[in-house]
Amino acid sequence: RKHPLEIPLPSEKDWLKDDEEDFFLQDPERERDALPQPVRMVTKLVMLVFDNAMEIIERRERLREAEKLKVKPTECFATAEFQVTGTATCLAVSGKYIFVGLSMGLAAFKVSDYMEVCAWDAVKTEICAIHALNLGNEGHILFAVDEMGLVCLFCFHKESLLLIKILNEVEDISKRSTCVEVVLSPGGDYAGVLLQGNTKAWLEIYRLPKDSWLKEMEESPGAALGLTSGERRSSQASAVQTSSISYCAVFSYSLLPIVDLKLTLPVLLLIVKPPRPITGSSFKNPLDALKEVDDDSMLGLGYRHLIKDSQWEKQEAIFRSTYREYLEFEDESESREEMPRHATFHFLLPSQILQVRPGMKVQPDVPAGISVHWDGSHNLCFYLLNHSLKEKVDSDPNPDVVWPCAAPIVCSAVSSCSRYLALACEDATITIWDKQLGCPLSVTTVLEECLIRSIHFL
4 RKHPLEIPLP SEKDWLKDDE EDFFLQDPER ERDALPQPVR MVTKLVMLVF
54 DNAMEIIERR ERLREAEKLK VKPTECFATA EFQVTGTATC LAVSGKYIFV
104 GLSMGLAAFK VSDYMEVCAW DAVKTEICAI HALNLGNEGH ILFAVDEMGL
154 VCLFCFHKES LLLIKILNEV EDISKRSTCV EVVLSPGGDY AGVLLQGNTK
204 AWLEIYRLPK DSWLKEMEES PGAALGLTSG ERRSSQASAV QTSSISYCAV
254 FSYSLLPIVD LKLTLPVLLL IVKPPRPITG SSFKNPLDAL KEVDDDSMLG
304 LGYRHLIKDS QWEKQEAIFR STYREYLEFE DESESREEMP RHATFHFLLP
354 SQILQVRPGM KVQPDVPAGI SVHWDGSHNL CFYLLNHSLK EKVDSDPNPD
404 VVWPCAAPIV CSAVSSCSRY LALACEDATI TIWDKQLGCP LSVTTVLEEC
454 LIRSIHFL
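First residue of the sequence shown: 4, per our numbering; consecutive thereafter.
Okay, here's the thing in structure tokens:
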């Protein structure tokens, strides 16, 4: 060629027509590019399924990548196992021993070799919950709750298990109360038992004479040794597999020795009842109401006021007439107030919140009070525990400190150091209090509409 090859400029005749714009997508071997209607429908469905499948695959890939970035928890596997007589329902670990609740009693095992050291099956009932605490000097406190709701207090010392008292045992079965919850203070000086009757509930706080128990057990080594060996024989006899269950039971009872060892009983300090509904005032003038107030240094529960029943009735009538359209579907049974049946309580160490009475000795590691809030209540009540043993037990004492909240308290928690207190209310507000300083540290509101069920310190 004499001249170099040049690319010709585009001209109007080279422009693509409208029907030829997608010529590169057409199959040259097909005579007709457009598929018939059924085939086009099937093609769209297949492509839709393919697109959805690709979205699912991509989403799973993202989740798999996110799982790889998470810190995997350590997996724990059982290193040993041991057999018990009957069915194990609950267990608690305290020091060098494992206490197991059985379908027919209670047993204690060593942590080192998992050998049974003693057992208790005098009542022949199922143990549903166990709370144990190490007192030191080979002594342990045990609270066992059976299937009937009875709270049995045990003292375990030098491989001997002694029943001290059944706290809620009564002669009249109709007046029997069932245990809902048992809480031990961190050092084992106090114990709280939440009880429920047929129509009411209440909280009992006991002082545990742990020092007296250890001293009394040390002074009676023969009785403790006799009970230990007898309990071992009882547990071994009950472990024998025979065809006659009644024979095993009789054989176990025959080996139990009669031990005359009585320990000091726990002292009942407080009986806290749920707050009563606020009713109309019975005072005729403000002076009568002021006479009933002990001092003006704290807030109360709102019982001493001057609002009459007629004033509340008028206010209720005005409220219902104003918001009739919102209240027309309200059920009368739901609006009726009922007494609370459950309470949450914590043992608290001495702090600025709990001002101890003058003349009372306070130890920094021994609880000085408790905090109690009942279901549906706005008030967090504090009660002091440094009562004299000579004082008569008050069945319905007034709280020493009251914290009113804007919404009913749902749950609460105390940190392991007992310095911080967390409160969660029905309006999803969480408040952290510093008990040493007596002031709130932070207030957090959960933005999403949700109800807080529990709260814990980590």
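Note that beta-carbon positions come from the ideal geometry of N, C-alpha and C, so glycine has one too.
A quick note: this is a predicted structure, and the numbers were derived from the prediction, not measured.
Contact set for residue i: own chain, Cβ-Cβ below 6 Å, skip 5 residues either direction
i	result
Trp168	Per the sequence presented here, residue 168 reads as Lys, with Trp not at that position. Around Lys168: Leu156, Leu268.
Gly441	Gln355, Ile356
Phe85	Tyr117
Trp406	Leu383
Lys127	Met107
Cys408	His381, Cys428
Leu187	His134, Leu136, Ala194
Nearest residue (CA-CA) to residue i, options the options
i	options	result
Thr447	Ile356, Gly195, Gly139, Ile433	Ile433
Lys161	Leu170, Lys99, Val183	Lys99
Thr202	Ile144, Gly379, Pro277	Pro277
Ala147	Cys158, Asn140, Ala320, Gly190	Cys158
Glu1	Leu454, His345, Ser374	Since the first residue shown for the chain is 4 and the last is 461, residue 1 is missing from the structure and cannot be characterised.
Leu426	Cys420, Pro400, Ile458, Val404	Ile458
His349	Glu68, Leu197, Ser380	Leu197
Gly200	Leu273, Arg422, Lys178, Gly379	Lys178
Gly152	Glu141, Leu138, Val173	Val173
Glu184	Ala409, Asn171, Cys121, Asp437	Asn171
Glu221	Asp175, Asp291, Glu141	Glu141
7 Å CB neighbourhood of residue i in its chain, flanking five on each side removed
i	result
Gly225	With a pLDDT of only 48 at Gly225, under the threshold of 50, the placement of this residue in the model should not be trusted; the figure read from the coordinates follows. Within the same chain, Gly225 has no close Cβ partners at all.
Ile310	Gly283, Ser284
Glu335	Annotation note: pLDDT 49 at Glu335 (below 50); position unreliable, coordinate value reported separately. Nothing listed; no residue qualifies.
8 Å contact criterion, which residue i and residue j should meet: CB distance rounded
i	j	result
His376	Ser418	With a Cβ gap of about 17 Å, His376 and Ser418 do not count as contacting.
Asp124	Gly108	3 Å
Neighbourhood of residue i by C-beta distance below 8 Å, restricted to the same chain and skipping five residues each side
i	result
Asp192	Arg210, Leu211, Lys213, Val369, Pro370
Val96	Phe102, Val114, Ala135
Leu272	Tyr193, Ile208, Tyr209, Arg210, Leu388, His390, Val396
Trp315	Gly283
Cys131	Thr92, Cys93, Gly104, Val148, Asp149, Glu150
Reduced DSSP secondary structure (H/G/I, E/B, other) of residue i
i	result
Glu463	Nothing about residue 463 can be read from this structure; the chain reaches only from 4 to 461.
Gln199	strand
Asp430	coil
Lys317	helix
Lys73	coil
Ile167	strand
Leu440	coil
Leu187	strand
Val243	Confidence is the limiting factor: at Val243 the pLDDT is only 33, short of 50, which leaves the residue's position unreliable and the question unanswerable from this model.
Ala416	strand
Asp149	strand
Val52	helix
Ile281	coil
Buried/exposed call for residue i, threshold 16 Cβ in 10 Å
i	result
Met118	exposed
Met50	exposed
Tyr326	exposed
Leu388	buried
Lys449	Reading the sequence as shown, one finds Val at residue 449 and not Lys. So Val449 ends up on the exposed side.
Thr90	exposed
Phe460	exposed
Phe385	buried
Ser247	At Ser247, the pLDDT of 30 sits below 50, so the modelled position is not reliable; the number obtained from the coordinates is stated separately. Classification of Ser247: exposed, given that the 10 Å Cβ count is below 16.
Thr88	buried
Asp399	exposed
His1	The first residue shown for the chain is 4 and the last is 461, placing residue 1 beyond what the model contains.
Glu78	exposed
Ile133	buried
Leu330	exposed
Contact with chain D by residue i, beta-carbon distance below 9 Å
i	result
Glu9	Going by chain labels, chain D is absent from the structure shown, which holds only one protein chain.
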